[in-house]
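A.B. asks:
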Amino acid sequence: MDKRDELIKIFPKDIRVILGQVSVDFNQIQEIRLRIQAPLLMIYNNREYYITPSGKLSKRAEEAYLVSRQELKETLEQMSNYSLYAFEEEIKQGFITICGGHRIGIAGKTIVDEHGIRTMKFISFINVRISHQVRGCADGVLPYLYERGDILHTLIISPPRCGKTTLLRDIIRQVSNGNGPEPGMTVGVVDERSEIGACYQGIPQNELGIRTDILDCCPKVQGMMMLIRTMSPRVIAVDEIGSRADLEAIEYVMNCGCKLIATVHGSSIDDMKQKPVLGRMMQEKWFERYIILNNNGKIGNLDQIYDSRGNQLYGGFLYD
Amino acid sequence: MTPGAINYMGAFFMISFGMKLVGCCLIISGASGYGFWLARRYGERLEALEYLRQMIYLLKGQILYANAPLAEAFETVGRRTEGFLAELFLQAADRTYRQEGEPFAQMWKDTVEQMDKDSPLAPKDRQSLKDLGEHLGFLDRDMQERNLLLYLEQLDLEIQKMRGQKQERSRLYTSLGIMGGLFLAVLLC
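First to last, the sequence lines map onto chains A and B. All letters in the first sequence, in the order written, are residues 176 to 495 by this note's numbering. All letters in the second sequence, in the order written, are residues 15 to 203 by this note's numbering.
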């Protein structure tokens, strides 16, 4: 099934007809947004367009197709394959991952109880974020991540929307499959927000390699412990660390002899040093490599690579 | 009157009497058969409703405890059971997997309408089965549970009512069939 079919399938009949007439490369679509009684929008090649009833992309709001309440309800029905109840846990977090790894962000009225968000009702806003894998985007980074045939504890530091999860995904894939002279290793992934593997009914929709085990929608701290006890991974990969609880789990992972690859929000090494948890990790040289990304120019711009002592190993543009 | 004519009339009356007798027997057996068929049909409907209740319990388990999506839940239950209701569940699963863009309620309604016309379910059973699809799949598990429990309650009431009346109805249908047949036979002769 190609991307067009995968995407069109999640909409009700009327919107299917409109999107079916849109003559764009579906691989370049970033987002499709639906709001009740608001224009149907598409983010295509970093630009926002209104979609007209005849399936054309327009810059004029008055030409846009307006999404009705019923269509939004039916979209929710279709994207969950008529089983919204089966996505209860995901709805609490505000997103659903569908076949193909695409993520549907949802917003509406949240119902809160003493345990936190219980569910969401009157869902009126939907953002379909199309999944993009960049295979090979870690090619330039990988030579810096190995020493004597073994992978090093690595931390990817990046501001939001700079491609840190995309880079982590490709590192996992290549470490798991093996790359060049380096043999493949068993990788355990704790995918708390289903962003790395984008599992749909337990099956990863993104390619994470042949030796990768994924704990989907599992809290990082428990997940790391569980993986070590049950799947004996050589490498553990997690996204967006930073809490005090993470610190203990990471320490446990490193003491077990596993290697850790993690990402964190931040903009520079100095920025990291200011943060209480990460500052301690850096001071005690827990990580052996720091990869810093920025968004200068384009997404996935590699800024620098440092070793544990703070020596700069690389600086400059690395991948498209 | 000549002896030949008397013989001829006698034979005529005999044949006519014989035909009437055969006709009466056919009417009585036909009407009685219809009565027995109605009584059996009543029992079959009761059995179908009891079986449906069992299937809905299985579906509830799949949805609430296995957290299976609707298509998978219908398929699992359909494969574990048999008969026209299992066929209905498998067809619903197939259409749900295909995701043709229509709302689930509409799809379920169409599937129930296409169900085996010779099935023992009464029109009102079919209607309440169609209504089950109105809220199935949407919102959270609580909603699914309540929806399924409401339907199970309706089924229970119908089953109880039918069980209470089973003996009486069966006797009524069979005796009405026989008596009706006798009455028609007398009337026509």
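Heads up, the beta-carbon is just placed ideally off N, CA and C, and yes, glycines get one too.
(1) Would you list the residues sitting across from Phe103 (chain B) in a DSSP beta bridge?
(2) Does DSSP put Cys337 (chain A) in a helix, in a strand, or in coil?
(3) Which chain B residues sit within Cβ distance under 7 Å of Glu263 (chain A)?
(4) Give the DSSP-derived three-state secondary structure of Arg499 (chain A) in the structure shown.
(5) Say whether chain B places a C-beta atom closer than 8 Å to the C-beta of Glu181 (chain A).
(6) Going by Cα to Cα distance, which pick from A:Gln268, A:Gly283, A:Lys339 and A:Cys433 is closest to Val362 (chain A)?
(7) Give the interface partners of Thr294 (chain A) over in chain B, defined as CB-CB distance under 9 Å, in chain order.
(8) Identify which residue in A:Asn302, A:Tyr225, A:Pro379 and A:Ala412 has its Cα closest to the Cα of Leu251 (chain A).
(9) Just checking: is the beta-carbon of Leu84 (chain B) within a distance shorter than 8 Å of some beta-carbon in chain A?
(10) Can you check whether the CB of Ile190 (chain A) is closer than 8 Å to the CB of Met254 (chain A)?
(11) Should Ser351 (chain A) be labelled buried (16 or more other beta-carbon atoms within 10 Å of its own) or exposed?
(12) Taking Cβ to Cβ, would you say Gly230 (chain A) is nearer than 8 Å to Ile207 (chain A)?
(13) Should Met121 (chain B) be labelled buried (16 or more other beta-carbon atoms within 10 Å of its own) or exposed?
(14) Per DSSP, Gly490 (chain A) forms a beta bridge with which residues?
(15) List the DSSP bridge partners of Val439 (chain A).
(16) Mind checking if Ser258 (chain A) is an interface residue toward chain B, Cβ cutoff 8 Å exclusive?
(17) What in chain A is Cβ-close to Phe103 (chain B), meaning under 8 Å?
(18) Smallest Cα separation from Pro117 (chain B): which of A:Ile211, A:Lys248 and A:Glu289?
(19) Taking 8 Å as the CB-CB cut-off, is Gly278 (chain A) touching chain B?
(20) Using only the alpha-carbon positions, how far apart do Ala87 (chain B) and Glu101 (chain B) sit?
(21) Quick check on Ser30 (chain B): does DSSP put it in helix, strand or coil?
(22) Tell me, please, whether the CB atom of Arg191 (chain A) is closer than 8 Å to any CB atom in chain B?
(23) Can you name the start and end residues of the beta strand (DSSP E) that Asn155 (chain A) belongs to?
(24) Count the other CB atoms within 10 Å of the CB of Glu463 (chain A); is the residue buried (16 or more) or exposed (fewer)?
(25) Can you give me, in chain order, the residues of the segment 438-451 of chain A that have a beta carbon less than 9 Å from any beta carbon in chain B?
(26) How is Met413 (chain A) classed by DSSP in three states: helix, strand or coil?
(27) Taking C-beta to C-beta, are Tyr56 (chain B) and Arg177 (chain B) nearer than 8 Å?
(28) Does DSSP classify Leu216 (chain A) as helix, strand or coil?
(29) State yes or no: is the beta carbon of Gly75 (chain B) nearer than 8 Å to at least one beta carbon in chain A?
(30) Between which two residues does the alpha helix (DSSP H) carrying Asn211 (chain B) extend?
(31) Give the single residue among B:Gln158, B:Ile42 and B:Trp51 whose Cα lies nearest to the Cα of Leu84 (chain B).
(32) List, from N- to C-terminal side, the beta strand (DSSP E) runs of 3 residues or more that fit wholly inside the segment 45-79 of chain B.
(33) Strictly below 8 Å CB to CB, what residues from chain B border Gln253 (chain A)?
(34) Any C-beta of chain B sitting closer than 8 Å to the C-beta of Pro228 (chain A)?
(35) Would you give the residue range spanned by the beta strand (DSSP E) that Ala119 (chain B) belongs to?
(36) Of all the CB atoms in chain A, is at least one closer than 8 Å to the CB of Arg81 (chain B)?
C.D. replies: Reading off the structure:
(1) None, per the DSSP bridge assignment.
(2) coil
(3) Asp154 and Arg155
(4) This structure does not reach residue 499 (chain A), given that chain A is present from 176 up to 495, and the question cannot be answered.
(5) no
(6) A:Cys433
(7) Leu153, Asp154 and Asp156
(8) A:Asn302
(9) yes
(10) no
(11) buried
(12) no
(13) buried
(14) A:Gln479
(15) A:Ile332
(16) yes
(17) Going along chain A, no residue has its Cβ under 8 Å from Phe103 (chain B), so there is no contact; the nearest lies around 14 Å.
(18) A:Lys248
(19) Sequence check: residue 278 (chain A) is Arg here, not Gly. Answer no: the Cβ-Cβ gap between Arg278 (chain A) and chain B never drops below 8 Å.
(20) 14 Å
(21) helix
(22) yes
(23) Look at the range of chain A in this structure, 176 to 495, and you will see that residue 155 (chain A) is not part of it.
(24) buried
(25) none
(26) Reading the sequence as shown, one finds Val at residue 413 (chain A) and not Met. In the structure shown, Val413 (chain A) sits in a strand (DSSP, three-state: E or B).
(27) no
(28) strand
(29) no
(30) Nothing about residue 211 (chain B) can be reported from this structure: the residues present for chain B run from 15 to 203 only.
(31) B:Gln158
(32) none
(33) Gln113 and Gly115
(34) no
(35) No beta strand (DSSP E) holds Ala119 (chain B); the alpha helix (DSSP H) holding it covers Phe118 to Glu127.
(36) Per the sequence shown, the amino acid found at residue 81 (chain B) is Asn instead of Arg. Asn81 (chain B) counts as touching chain A.
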